[in-house]
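Step one of this worksheet: look at the structure below.
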Amino acid sequence: MVTKEQVESFLEELHTKMKIFGILFRDDREKNRNTLQELEIVPSYRKVVVENLRSEDYVQGPVVDELNRLGEMWVFGKDVKGREIYIKVMISGITSQTICISFHFAEHSLVYPFKEK
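In this note's numbering, the protein residues as written are 305 to 421.
Next comes the structure, spelled out in structure tokens:
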């Protein structure tokens with residue numbers, strides 16, 4: 305089980321690297337594009353949401369990126385305009401680039417281990 309401190313450490317690194325390198329969003333994924341349209345938010349608003357992720361938003365991770373082998377993926381959830389959003393982010397182990405792989409409506413209820421009930 306990942307500790308809250310490990311999640312906070314990852315988020316600190318993610319946010320620092322975002323400030324330096326920016327963040328790449330996977331806009332080639334249809335469900336990511338559809339979520340933006342349905343929420344009626346501009347793509348740059350996603351960056352604000354990711355910048356505001358906290359340990360309480362943690363859902364899962366780190367998960368090894370078996371497909372691309374770029375690093376570890378972390379999953380978070382966030383309420384955006386009253387809808388639960390599934391957010392999967394990573395820091396590339398090759399380039400240190402921050403990548404948002406998923407930013408779409410949650411397809412099932414998310415469990416937040418560090419969120420106060």
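Ideal placement from N, C-alpha and C gives every residue a C-beta, glycine not left out.
First and last residue of the beta strand (DSSP E) that includes residue i?
i      : result
GLN310 : Element bounds for GLN310: not the beta strand (DSSP E) but the alpha helix (DSSP H), 308 to 325.
GLY365 : 362 to 368
Does DSSP put residue i in a helix, in a strand, or in coil?
i      : result
THR402 : strand
ARG387 : strand
GLU334 : helix
GLU453 : Given a span of 305 to 421 for the chain in the structure shown, any question on residue 453 remains unanswerable.
TYR416 : coil
LEU328 : strand
VAL354 : helix
Please report how far the alpha carbon of residue i lies from the alpha carbon of residue j, in whole angstroms.
i      : j      : result
ARG333 : GLN401 : 19 Å
THR339 : SER396 : 24 Å
ILE398 : GLY375 : 8 Å
TYR362 : LYS392 : 10 Å
GLN364 : PHE380 : 7 Å
LEU420 : GLY326 : Checking the sequence shown, residue 420 turns out to be Glu, not Leu. Looking at the two C-alpha atoms, the distance is approximately 31 Å.
ALA410 : TYR390 : 5 Å
GLN310 : GLU344 : 33 Å
VAL352 : GLU360 : 17 Å
GLU312 : TRP378 : 12 Å
Which residues does DSSP list as the beta-bridge partners of residue i?
i      : result
GLY381 : TYR390
ILE395 : THR402
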